[in-house]
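Take a look at the structure below.
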Amino acid sequence: MDDATSTTPEVFDAAGQGGDGPTDERAWSQQDYHHPSAGWGAAKSVAKVLIKEQRLFDSPKVMLAMNQEGKGFDCPGCAWPDALDGLKLDLCENGLKHVAWEMTPKRVDADFFARHTVTELSSWTDFALEDQGRLTEPMVYDPDTDHYVPIGWDEAFALFGRAIQALDSPDEAAFYTSGRLGNEATFLYQLMAREIGTNNLPDCSNMCHEASGRGLQASLGTGKGTADLRDWDTADAIFIHGINAASNAPRMLTALAMAYRRGAEIVHVNPLVEAGGGATVIPHEFLHMALDKKTPTSTLNLQVRPGGDLAFMRAIAKAVLEQAEHDPRALDHEFIERYTTGFEAYAALVRATSWADLERQSGMSKAQLLQAAGIYSRADRSIISWCLGVTQHEHGVDTIREMVNVLLLRGNLGREGTGPSPVRGHSNVQGNRTCGIDNNPPAEFLDRLAAATGIEPPRHDGYDTVSAIHAMNAGRLKVFVGMGGNFALAAPDTAYTASGLRKVDLTVQVSTKLNRSHLVHGKAALILPCVARTERDMQASGEQWTSVEDGMAMVHLSHGIRPAASPHLMSEPAILAGLAKAALPATATRWDWYVEDYDRIRDTMSAALYGFEDFNRRVRHPHGFRIKQPARELVFLTPSGRAEFSTAPLPDVIPADPDLLVLQTMRSHDQWNTTIYSDDDRYRGVKNLRTLVFMNAADMAARGLAEGDLVDITAISRDGSLRELRGYRALTYNVPRGSAAGYMPEMNVLVGIADYSTQSDQPLMKNLLVRVTPAR
Ligand SMILES: Nc1nc2c(c(=O)[nH]1)N[C@H]1C(S)=C(S)[C@@H](COP(=O)(O)OP(=O)(O)OC[C@H]3O[C@@H](n4cnc5c(=O)[nH]c(N)nc54)[C@H](O)[C@@H]3O)O[C@H]1N2
Ligand SMILES: Nc1nc2c(c(=O)[nH]1)N[C@H]1C(S)=C(S)[C@@H](COP(=O)(O)OP(=O)(O)OC[C@H]3O[C@@H](n4cnc5c(=O)[nH]c(N)nc54)[C@H](O)[C@@H]3O)O[C@H]1N2
Ligand SMILES: [Mo]
């Protein structure tokens with residue numbers, strides 16, 4: 009990086025705030041990006057990664073095995089579903105980069121750890137840490153020498169077992185899940201936690217789509233979206249809120265381009281005009297690829313005020329209700345009558361909300377709002393989809409319920425081409441929740457689990473991500489297990505999270521690559537390396553497969569095809585069995601028996617989990633199977649037995665102090681959550697710079713800032729505490745006045761632990777109140 013200084017507080021010793029990319033002497037630059045998304049820019053970027061990871065030769069074979077029905081592995085890149093015709097080269101630049109990252113020939117072995125102390129590694133960038141390659145054998149932290157040293161698997165398990173048995177209460181242990189974990193391992197993981205006696209199961213969903221689950225559950229009685237890929241292929245109008253599709257769900261672009269060709273309306277609602285709101289070259293259309301021929305992926309881009317999506321949706325509802333005064337077809341009266349409750353109260357609320365308030369809170373003119381409403385009312389079938397731009401706000405749950413309200417008005421549910429459609433993040437994050445990762449599990453789930461497994465699960469709630477961090481800091485958490493992920497960097501309030509992790513007696517990280525969470529560790533610490541998604545998993549009965557659930561509730565098998573990165577790796581289910589047996593000497597669960605043959609885990613899951621009946625047979629179908637969505641069949645598991653209109657007050661999302669900006673933290677094109685591939689952000693035209701803040705030209709001018717000036721960013725937390733990042737560069741960008749944007753995870757130093765939504769408990773990662781001033 010250039011002269012951008014490090015930050016305060018220096019959370020990770022010499023390393024600054026974490027989340028940094030490769031150090032590079034090149035100067036930074038920024039230009040507008042005029043090319044279509046995907047296409048040759050993407051192809052070039054993939055080639056670079058394959059060359060860097062020395063994977064140009066065997067990659068084509070591996071890539072062709074990705075997302076192919078009935079064989080091959082599920083792309084770990086995102087949760088977008090696989091193409092249903094199974095013929096397409098169903099892959100994307102960022103999926104390929106993600107797989108290449110996993111397949112690197114580089115290794116982090118015992119010699120590596122012997123050469124570097126933890127203190128030394130702590131001064132490395134996060135890029136450099138992961139760039140060392142794959143972890144090869146279990147390691148334990150040695151406080152006398154400050155090195156990680158090798159430990160046998162059995163000894164490692166025994167260390168964990170002793171730590172669990174030494175607890176005063178099982179609730180002194182917490183078990184974090186990142187959304188990579190396959191369904192079978194997920195089931196064993198929650199079984200272990202609950203047999204130990206705790207529901208402390210924080211997960212990345214607590215930072216991601218918790219609001220979606222809660223909103224949909226309250227409105228429709230299901231925590232998932234109802235739309236699937238066929239619906240995306242048949243909708244007349246698709247509304248896309250708060251997703252950077254070209255970077256974070258690139259295979260969605262194909263669905264959007266196809267929708268455009270059939271004449272569907274595609275409305276992007278986002279404070280930024282992202283590349284997905286432009287045009288794309290569809291990668292498997294080789295002729296178009298050769299000619300760089302682009303297809304639009306948008307018919308309308310609307311720049312919403314941060315947090316203004318509820319107002320935007322209510323404006324659509326208001327326009328629909330006004331139209332209904334003279335046009336009986338504006339509302340689906342029959343649907344409302346038969347399937348919903350609360351319509352009158354909602355309609356009264358909407359009528360009572362003024363256009364002036366809706367304009368102000370959405371940040372759009374009435375003309376723009378009516379244009380969007382016109383698209384919605386002309387369409388026979390509409391889908392509304394969203395991602396983090398909606399969920400990581402205070403009013404995420406209310407906003408999602410408002411989206412459902414709007415869908416209900418015109419019966420856009422339970423029919424082809426319609427429905428709510430959250431775009432999930434990690435490739436199996438939805439499966440994790442389905443298979444029991446829930447710190448607040450419903451009683452029916454626990455009853456079925458008890459009946460199927462014979463364990464007595466605890467009935468009280470456990471910690472989620474935010475409460476787990478508090479518990480660590482208060483000395484109430486003694487053992488923390490990270491099943492994948494990078495908790496130290498992904499979680500909010502980096503300094504507070506780090507101090508919490510350091511107070512824990514034992515941290516256990518099950519990982520594929522070295523990351524910050526191995527360096528910010530408990531008094532004792534284990535690194536347990538595992539077999540990855542692309543790799544073969546051999547057990548006593550032969551080769552095993554694992555299943556995953558995509559973001560549209562399709563469950564299918566994933567077959568690793570490459571040899572494991574090291575002969576000393578264990579699979580995630582095998583590691584969990586080892587940990588569980590050590591922690592539970594009198595266990596009633598046949599852990600080894602399960603690991604010998606994952607079909608046995610699936611048989612128990614059939615009995616324990618709703619929607620997994622006959623799991624082993626159905627999952628072997630070429631596309632797997634779809635978990636039944638009752639709401640899709642117009643069966644509503646809500647208290648009223650109907651779809652419930654909500655009546656949330658219109659939130660005021662405009663900061664009272666005009667000097668404050670609303671800052672969102674987002675991903676660059678060249679990163680995967682806490683994994684940073686480079687300091688570039690292609691579609692936003694940025695090269696070699698991550699320590700930046702995008703601002704509106706008028707907000708720059710008001711602060712006397714010129715392009716590229718160094719600034720300090722001070723976040724004002726809800727509890728009044730201040731957090732600061734120094735020496736960032738302010739860049740002019742097309743963001744609404746009063747808002748700003750920068751990158752996660754480094755900006756997690758600005759997210760106060762008190763800054764979480766009271767509706768979803770999600771940290772407000774898209775809604776920080778900050779002051780930006782010229783650097784001191
Ligand atoms: N290549 C790649 N793919 C990924 C990931 C990755 O890091 N890299 N991460 C995966 C994960 S875990 C997830 S959860 C998803 C995340 O996918 P995204 O949700 O696309 O993630 P972000 O980069 O945080 O982008 C948030 C988007 O919301 C917009 N936004 C911010 N505030 C608002 C608002 O108030 N209203 C609206 N309408 N929009 C707003 C931002 O401008 C931005 O476009 O991607 C998954 N896929
Ligand atoms: N400020 C801010 N913070 C955010 C967000 C934001 O938008 N803004 N987004 C949030 C969201 S949506 C999410 S989902 C979280 C992500 O949080 P996490 O899921 O905790 O983080 P990742 O960066 O995805 O985890 C990367 C690590 O996972 C490990 N890993 C990779 N593959 C495997 C595997 O197959 N098995 C195992 N056991 N380990 C593996 C590797 O060691 C790698 O270093 O971050 C959240 N944090
Ligand atoms: Mo996520």
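Throughout, the working numbering is defined as the position within the sequence shown, counted from one, plus 8. Just so you know, even glycine gets a beta-carbon here, dropped at the ideal spot from N, CA and C. Treat the numbers as computed from the prediction; the structure is a model and nothing was measured.
- In the DSSP assignment, residue 443 is bridged to no other residue.
- In chain order, 560 place their CB closer than 6 Å to the CB of residue 236, counting only its own chain and leaving out the 5 sequence neighbours on each side.
- Around residue 596, the same chain offers 462 and 463 as residues with beta carbons nearer than 7 Å, after the five sequence neighbours per side are excluded.
- According to the DSSP assignment, residue 156 belongs to the beta strand (DSSP E) that extends over 155 to 158.
- Counting the other Cβ atoms within 10 Å of the Cβ of residue 232 gives 16 or more, which makes it buried.
- Distance from the Cα of residue 671 is smallest, within the candidate group 652, 619, 738 and 606, for 738.
- At a cut-off of 7 Å, the beta-carbon of residue 564 does not count as near ligand 1: no heavy atom of the ligand is closer than that.
- Bounds of the alpha helix (DSSP H) holding residue 383 are 374 to 386.
- With a cutoff of 8 Å on beta-carbon distance, residue 751 and residue 675 are scored as near each other.
- Within the segment 207 to 252, complete beta strand (DSSP E) segments of at least 3 residues are found at 245 to 249, given in chain order.
- Taking 7 Å as the cut-off, the C-beta of residue 86 does not count as close to any heavy atom of ligand 3.
- With 16 or more other Cβ atoms from the protein chains shown falling within 10 Å of its own Cβ, residue 767 counts as buried.
- Note on the segment 418 to 472: whole alpha helix (DSSP H) runs with a minimum of 4 residues are 437 to 442 and 451 to 461, in chain order.
- Residues 363 and 367 of the same chain have their beta carbon placed closer than 6 Å to that of residue 374, with the five preceding and five following residues left out of the count.
- Straight-line measurement puts the Cα of residue 357 at about 12 Å from the Cα of residue 323.
- Checking the DSSP bridge columns, you'll see residue 750 partnered with 673.
- Rounded to whole angstroms, residue 681 and residue 345 show a C-alpha spacing of 44 Å.
- The DSSP assignment places 294 to 299 as complete runs of the alpha helix (DSSP H) inside the segment 284 to 325, in order along the chain (cut-off: 4 residues).
- In this structure, residue 215 and residue 575 do not form a Cβ contact; the two beta carbons are roughly 35 Å apart against a cut-off of 8 Å.
- Distance from residue 727 to residue 445 at the Cβ level is roughly 29 Å; contact not present, criterion being Cβ atoms closer than 8 Å.
- Relative to ligand 2, residue 488 has its C-beta separated by 7 Å or more from all heavy atoms.
- Residue 499 counts as buried, since at least 16 other C-beta atoms from the protein chains shown sit within 10 angstroms of its C-beta.
- In summary, residue 59 is exposed, with fewer than 16 beta-carbon neighbours lying within 10 Å of its beta-carbon over all protein chains present.
- Residue 149: member of the beta strand (DSSP E) spanning 147 to 150, first to last residue.
- Annotated three-state conformation of residue 331 is helix, per DSSP.
- Contact check for residue 312 and residue 372: beta-carbon distance about 7 Å, within the 8 Å limit, so the pair qualifies.
- With contact defined as three or more Cβ pairs closer than 8 Å, the segment 418 to 430 and the segment 382 to 391 are in contact.
- Annotation for residue 116: 140, 141, 142, 143, 144 and 522 place their beta carbon closer than 7 Å to its own, counting only its chain and skipping 5 residues before and after.
- Burial of residue 325 is indicated by the presence of at least 16 other C-beta atoms within 10 angstroms of its C-beta.
- Distance from the C-beta of residue 774 to the nearest heavy atom of ligand 1 is below 7 Å.
- Within the chosen limit of 7 Å, ligand 2 does not reach the beta carbon of residue 101 with any heavy atom.
- Straight across, the Cα-Cα distance linking residue 610 with residue 553 is about 11 Å.
- Taking 8 Å as the cut-off, the Cβ atoms of residue 689 and residue 677 count as close.
- Its Cα nearest to that of residue 412, the residue 226 stands out among 258, 226 and 484.
- Under the criterion of beta carbons closer than 8 Å, residue 234 and residue 428 qualify as touching, at roughly 6 Å.
- Across the structure, residue 188 and residue 585 are spaced so that their CA atoms are roughly 18 Å apart.
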